[in-house]
Every structure is written in structure tokens, then in C-alpha cells.
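In our numbering, the protein residues as written are 3 to 216. For each residue, glycine too, the CB sits at the ideal point set by N, CA and C.
As C-alpha cells, then:
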């Protein structure tokens, strides 16, 4: 159960291996056996420390130590399986986002005797997912801005109003229909492609003889 464990988690590329390893936990004594990957997650080399429950808990983020301790106690008392996402602070003080799963096995008397499982460092995966989400949000915002500006141009051309008035018309229709402004803008642009923009604005009650003050 202490063999290496290679993990490849989206959105990392195929060569982006997440550090991972296996562990074996004696529920009675608190002693543990870690694979090389679990040592690495905690910032150690195999043999550099003696893994125990105390060492494991000492490297938990302060906010996660209580819930993790509670789950381990429940595992020792009732058996079964636990899984949790928590934070490990390694020997260099670096915080890692980690997923751990443990399954208890019983002795001959039906008492939970030991737990085996695995630990996966998700830090790189979560960081990459955050980066991709942020980039998508920026690209989406730019696309929305472009659509709104184009729709304002359509309204100005059809109604002969200023840019500010065109946006006010968009915003008013957005509020009236409880629809986001960029969605209203996209609807108008689709109507332009279909040759129905003038009728759409009329149906919305905005196509009227409206001119900006001289």
C-alpha cells in the first residue's frame, strides 16, 4: 500500500504530474508508513523523519486541524472511510491544497485496526484552474463589452441618438425584462443579422422619433 501513485488531473497537461502517495495508519498506536510521495508533500525525504499521527497533524493548516482530527477519531471509533480536501503546510512553510482518502480495515474482533489510503497534492491543478477561470472571465468581459458597443451603434443609427442615450435604452430594456445588458445587446445584433433590428426595437417600445438636443 506504500507504492508510488502517479496522478494526472485536468487541467494540467499530460506531463503535469500531481505529487501523490499512499499511507498506512495504525489506529491504535498512531504510527504511520508513508510512501515517497507523502513525504514529498510534507517537504521531507524518505527517512528524514518518522511519520506519526502527531507529525501529520502538526503539518495541517490551523483551520483544518480540528475537522481532520474529528474525522480520524470517527474513523477509529466506527471504521468506514473518510475523504477530505485540506491544507498541508510543508517543512518550508509552503501551503499545499491536498486531497486525502482513508479506509479503515477491521481486526478479527470487528474493531477498526488500521487505515490505508492516499494523498494527492492538488495545488498546481487548483492554481491552473483558477488561472483558466480568470482568463475566461476576462475574455468574456471583453466580448460583452464589444457586443454592447456594437448594439449601441445599431441603436444610434436607427434612432439618431447619442452614445449615452443608446446605452440608456439598452439599460432600460435590461431592467424591464430582467435580462443582462450584454444579452440584450446580443439579441439586437442577432436581429441585425436577420434584418429585423428595426422591428425588434419597435417591439421593445424604443423605436420612436427621438433625437438628442441640438
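task: Please list, in chain order, all residues of the same chain as residue 150 whose beta carbon is under 8 Å from its beta carbon, the five residues on each side excluded.
output: As a first step, residue 150 is located in the chain shown; it is residue number 148 there, counting from the start. The residues are 169, 172, 183, 184 and 187.
- prompt: What did DSSP end up calling residue 212 once you bin it into helix, strand or coil?
  reply: Counting from 1 along the chain shown, the entry for residue 212 is found at position 210. Interpretation of residue 212 is limited by its pLDDT of 45, a score under 50 that renders its predicted location unreliable; no figure is taken from the coordinates.
- prompt: Expressed to the nearest angstrom, what Euclidean distance is found between the alpha-carbon atoms of residue 48 and residue 133?
  reply: Stepping through the chain shown from its first residue, residue 48 is reached at position 46. Stepping through the chain shown from its first residue, residue 133 is reached at position 131. The alpha-carbon atoms of residue 48 and residue 133 are separated by roughly 33 Å.
message: I need the straight-line Cα distance from residue 160 to residue 190, nearest angstrom please.
response: Position 158 of the chain shown holds residue 160. Position 188 of the chain shown holds residue 190. For residue 160 and residue 190, the distance between alpha carbons rounds to 12 Å.
query: Applying the criterion that 16 or more other CB atoms from any shown protein chain within 10 Å of the CB defines a buried residue, is residue 220 buried or exposed?
result: Summary: the structure shown does not reach residue 220, with the chain confined to residues 3 through 216, and so no result is reported for it.
field: Buried or exposed (CB count within 10 angstroms, at least 16 for buried), residue 3
entry: Stepping through the chain shown from its first residue, residue 3 is reached at position 1. A caution first: residue 3 carries a pLDDT of 45, below 50, which makes its placement in the model too unreliable to give a value.
- prompt: Of the choices 43, 139 and 86, whose alpha-carbon is the least far from that of residue 93?
  reply: Stepping through the chain shown from its first residue, residue 93 is reached at position 91. Comparing Cα-Cα distances from residue 93 to each of 43, 139 and 86, the minimum goes to 43.
query: Could you give the distance in angstroms between the alpha-carbon of residue 97 and the alpha-carbon of residue 91?
result: Residue mapping note: residue 97 aligns to position 95 of the chain shown, counting from 1. Residue mapping note: residue 91 aligns to position 89 of the chain shown, counting from 1. Roughly 4 Å between the two C-alpha positions.
task: Please name the residue, chosen from 82, 141 and 201, that lies closest to residue 119 on a Cα-to-Cα basis.
output: Your numbering for residue 119 matches position 117 in the chain shown. Considering only alpha carbons, the answer is 82.
query: Taking buried to mean at least 16 other C-beta atoms within 10 Å of its own C-beta, is residue 136 buried or exposed?
result: In the chain shown, counting from the first residue as 1, residue 136 sits at position 134. Exposed: under 16 other Cβ atoms inside 10 Å.
Beta-carbon proximity list for residue 57, same chain, < 7 Å, skipping 5 on both sides: Looking up residue 57 in the chain shown gives position 55. Correct list, in chain order: 51.
field: Rounded C-alpha distance that separates residue 108 from residue 125
entry: The residue you call residue 108 lines up with position 106 of the chain shown. The residue you call residue 125 lines up with position 123 of the chain shown. Rounded to whole angstroms, residue 108 to residue 125 spans 33 Å at the Cα level.
- prompt: Cα-Cα, which of 80, 59, 106 and 77 is closest to residue 88?
  reply: As a working mapping, residue 88 is identified with position 86 in the chain shown. Nearest C-alpha to residue 88: 59.
query: So is residue 37 buried or exposed if we call it buried at 16+ other beta carbons inside 10 Å?
result: Position 35 of the chain shown, counting from 1, holds the residue named residue 37. Looking at its Cβ environment, which holds 16 or more other Cβ atoms inside 10 Å, residue 37 is buried.
Proximity to residue 223 [Cα-Cα], best of 175, 180 and 195: Outside the displayed span of the chain (3 to 216) sits residue 223, for which this structure offers no information.
task: Rank 66, 103 and 20 by C-alpha distance to the C-alpha of residue 26 and give the top, closest one.
output: Against the chain shown, residue 26 aligns to sequence position 24. Taking only the C-alpha atoms, the option nearest residue 26 is 103.
field: DSSP-derived helix/strand/coil call for residue 63
entry: Taking the chain shown and counting its residues from 1, one reaches residue 63 at position 61. Looking at residue 63 - three-state DSSP - the assignment turns out to be coil, as it is neither helix nor strand.
query: Roughly how many angstroms lie between the CA atoms of residue 65 and residue 152, to the nearest whole one?
result: Against the chain shown, residue 65 aligns to sequence position 63. Against the chain shown, residue 152 aligns to sequence position 150. Residue 65 and residue 152: Cα-Cα distance of roughly 49 Å.
query: How many angstroms separate the CA atom of residue 2 from the CA atom of residue 35?
result: Because residue 2 is not part of the residues shown, which for the chain are 3 to 216, the question remains open.
query: Cβ atoms of residue 20 and residue 1: under 8 Å apart, would you say?
result: Lying before the first or after the last residue shown, residue 1 is absent from the chain, which here runs from 3 to 216.
message: What does the alpha-carbon distance come out to for the pair residue 45 and residue 166?
response: By 1-based counting over the chain shown, the position of residue 45 is 43. By 1-based counting over the chain shown, the position of residue 166 is 164. The straight-line gap from Cα to Cα measures roughly 58 Å.
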